[in-house]
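Residue numbers (the numbering used here), protein chains in the order written: chain R, 1 to 326; chain W, 1001 to 1326.
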């Protein structure tokens, strides 16, 4: 089978490509081709010689580019390409062009192929489709009322995905990812960056800034879980989903205090002491508008599984870092 | 003030234009200009000589046309232009072009004017944004999971409206209209046509077909209420709406049996006897997927008002018909 990953240079896309190459198959079918696409050329390599890997840098908001990618008739398409929340908020037109028009080009390209071509399309959505005031926990029938353009674009893409699937043009699954913790690498400018930073930096012997109160609660999942969600979404039976094609993925609802306490248990007092409380009113205000807890019954019912606990998330990050440096 | 009505040749748009011309003002401000736009030239006339009426036939999915309409900087824009559910289902591309791209052109044209131009935009959405299985009654926090392309397009437009309003580009209000009963004129091919037909035809001395069971329940409002919703949406204080700019309008949840019984009370046994029960399994299946009852608390809280009862709806239709034929 042939697989296309849109957004393969991002953290989750890269890990997904590595996992697919390591497995050599998806849903029991051997992988013969893996097309990796992103705005910069994806650096993934490895895998069996029987897998033809193609790497391409391009613009997902260029219709001809997208049409050419889909013309290769991949059996499974993972669509992770997006600009992040902060950039979509700062550059309104770019956000709609990349995050919305890009998805529509993908869907229309698929529809245009015709001839019984109905690939599985796994779309990464986000809990940013929800906006306060929330019900708590947020259930699978709560309205999408995003408070960012990024969230609006994801919610609109979910509606496209459902309608194109209902019409039989594509076999879509949308997965609303929790905040991914622990992201490897450097801190970034995302308001959510500290959720990874307060674990990653102390484990690397570096101080980390905690800009919010200890009682802040958030919905998180590990990078490994995100890859697991994607692979399950690509192989699950979509029949029972009906017209509701997007699912809130199961995460862990944990407070900052619980995160730091777990860090102490797993890595010791010295690590926990590296978390420095430096309140930032701007970040506090942004985070106050984010969802804290979900009842992800539907995803659990359809076989998606969450991380066991926050200690597992920390240990998985430590193992990844050891492998990388080792 | 200048007003633009997109979709002014439709039943509700026409009645809205007539009501505005008769009032001569909106929200206490005199109307100086009324631009009427539709795919066919709107036939509305009348009103004071101080109101400059312009009529134009054109294509809402033509960006240049929309940009030119908005360049006149109307203070209030009523956007009712759409192709109906059945046509959007039959012609997928046309549905997205008219019902979605048209709205986006309107919003982007407004944003492009700039210079502090932030008009009130009243968008007619629909209860078709909801799809079964429902909560009952459907509250203001229930998810949009449409089961038609028309419903998907309306739900997407609501997300655009909310995001463009949140960003300060437009001052939007979306109103989800109930099924409008009694529609004047001839039966049409809409599956909902019989809800008007079983009242309109008997009152005109003609037999009407009832294709569904008597216990079918539906959410309805009169044409006069629809005009009232539009005018209130154009003049209300939008500050308290926050980011949730679309509201389910208050209707009446009535069964077919109650409709026919009310017809009997208002117009007599002979009229009620003209309703002929001819079950149609196709229509029964379609209607079974429609919402039956809403808790429209939010709209009521913001000052929208429903019809008093179904007898008032029938009497209003009879008065309209008497005026038309008289």
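Glycine included, each C-beta is placed from N, C-alpha and C at the ideal position.
**Report entry** Given 8 Å, three or more beta-carbon pairs between the segment 1200-1208 of chain W and the segment 315-325 of chain R
**Finding:** no
Requested in this report: Ignoring anything shorter than 4 residues or poking outside the segment 1236-1275 of chain W, list the alpha helix (DSSP H) runs there in chain order.
Outcome: 1256-1267, 1269-1273
Query raised in the report: Can you tell me whether DSSP reads residue 1129 of chain W as helix, strand or coil?
Result: helix
Requested in this report: With distances taken Cα to Cα, identify the nearest neighbour of residue 56 of chain R among R:40, R:67, R:63.
Outcome: R:40
Query raised in the report: Which value, in whole angstroms, describes the spacing of the CA atoms of residue 118 of chain R and residue 168 of chain R?
Result: 7 Å
Query raised in the report: residue 315 of chain R lies in the alpha helix (DSSP H); which residues open and close that run?
Result: 310-325
Query raised in the report: Name the chain W residues that come within less than 9 Å of residue 99 of chain R, Cβ to Cβ?
Result: Residues of chain W passing the Cβ test: none, with the nearest at roughly 12 Å.
Query raised in the report: Any beta-carbon of chain R closer than 7 Å to the one on residue 1149 of chain W?
Result: yes
Query raised in the report: So residue 1196 of chain W packs on residue 1216 of chain W, CB below 8 Å; how close in whole Å?
Result: Not really, about 14 Å apart at Cβ, beyond 8 Å.
Report task. Measure the C-alpha to C-alpha separation of residue 30 of chain R and residue 101 of chain R and round it to an integer number of angstroms. Result -> 32 Å
Query raised in the report: When you compare only the Cα positions, how much space is there between residue 1068 of chain W and residue 72 of chain R?
Result: 41 Å
Report task. Could you tell me whether any Cβ in chain R is nearer than 7 Å to the Cβ of residue 1141 of chain W? Result -> Yes, because at least one Cβ of chain R sits closer than 7 Å to the Cβ of residue 1141 of chain W.
Query raised in the report: With DSSP run on the structure shown, which of helix, strand or coil describes residue 1113 of chain W?
Result: DSSP places residue 1113 of chain W in helix when its eight states are reduced to three.
Requested in this report: Give the DSSP-derived three-state secondary structure of residue 1094 of chain W in the structure shown.
Outcome: helix
Requested in this report: Return the CA-CA distance between residue 1060 of chain W and residue 26 of chain R, expressed in angstroms with no decimal places.
Outcome: 45 Å
**Report entry** Enclosing alpha helix (DSSP H) for residue 1008 of chain W [first to last residue]
**Finding:** Unbroken run through residue 1008 of chain W: none, as it is neither H nor E.
Query raised in the report: At what residues does the beta strand (DSSP E) containing residue 76 of chain R begin and finish?
Result: 76-79 is the extent of the beta strand (DSSP E) around residue 76 of chain R.
Query raised in the report: Using a beta-carbon distance below 7 Å, is residue 156 of chain R in contact with chain W?
Result: Taking a beta-carbon distance threshold of 7 Å, residue 156 of chain R counts as an interface residue toward chain W.
Query - Contact check, residue 1086 of chain W vs residue 1149 of chain W, beta carbons under 7 Å - result: no
Requested in this report: Excluding the 5 residues preceding and the 5 following residue 1296 of chain W in the sequence, name in chain order all residues of the same chain whose CB lies nearer than 6 Å to its CB.
Outcome: Correct list, in chain order: 1248, 1250.
Query raised in the report: In terms of DSSP beta bridges, what is residue 327 of chain R paired with?
Result: This structure gives no information on residue 327 of chain R, because the portion of chain R shown stretches from 1 to 326.
Requested in this report: Decide if residue 154 of chain R is buried, meaning its Cβ has at least 16 other Cβ atoms within 10 Å, or exposed.
Outcome: buried
**Report entry** Any C-beta of chain A under 7 Å from that of residue 244 of chain R
**Finding:** Within the model displayed, chain A is absent; protein chains R and W are what it includes.
Query raised in the report: What residue does the alpha helix (DSSP H) around residue 286 of chain R start on, and which one ends it?
Result: 281-288
Requested in this report: Grab the span of the beta strand (DSSP E) containing residue 1175 of chain W for me, first residue to last.
Outcome: For residue 1175 of chain W, the enclosing beta strand (DSSP E) begins and ends at 1171-1177.
Report task. From the DSSP output, read off the bridge partner residues of residue 30 of chain R. Result -> R:25
Query raised in the report: Alpha carbon to alpha carbon, what distance is there between residue 300 of chain R and residue 1293 of chain W?
Result: Put simply, the backbone Cα of residue 1293 of chain W is about 30 Å away from that of residue 300 of chain R.
**Report entry** DSSP-derived helix/strand/coil call for residue 1123 of chain W
**Finding:** strand
Requested in this report: Taking residue 208 of chain R as part of the beta strand (DSSP E), name the residues at either end of that continuous run.
Outcome: 208-210
**Report entry** Where residue 158 of chain R falls, given that 16 or more other Cβ within 10 Å makes a residue buried
**Finding:** buried
Report task. Note the first and the last residue of the continuous alpha helix (DSSP H) segment covering residue 66 of chain R. Result -> 63-71
Report task. Go to residue 1183 of chain W, then tell me how far its beta strand (DSSP E) extends in each direction, as first and last residue. Result -> Looking at the DSSP string, residue 1183 of chain W is not in any beta strand (DSSP E), and its letter there is neither H nor E.
Query - Segment contact, 8 Å Cβ cut-off, at least three pairs: the segment 1012-1022 of chain W with the segment 1032-1050 of chain W - result: yes
Requested in this report: Taking only the alpha-carbon atoms, compute the straight-line gap between residue 254 of chain R and residue 268 of chain R and give it to the nearest angstrom.
Outcome: 19 Å
Query - Outcome for residue 128 of chain R when other beta-carbon atoms lying within 10 angstroms are tallied against a minimum of 16 - result: Classification of residue 128 of chain R: buried, given that the 10 Å Cβ count is 16 or more.
Report task. May I ask you to list, following chain order, the residues of the segment 1162-1188 of chain W that have a beta carbon less than 8 Å from some beta carbon of chain R? Result -> 1162, 1163, 1166, 1167
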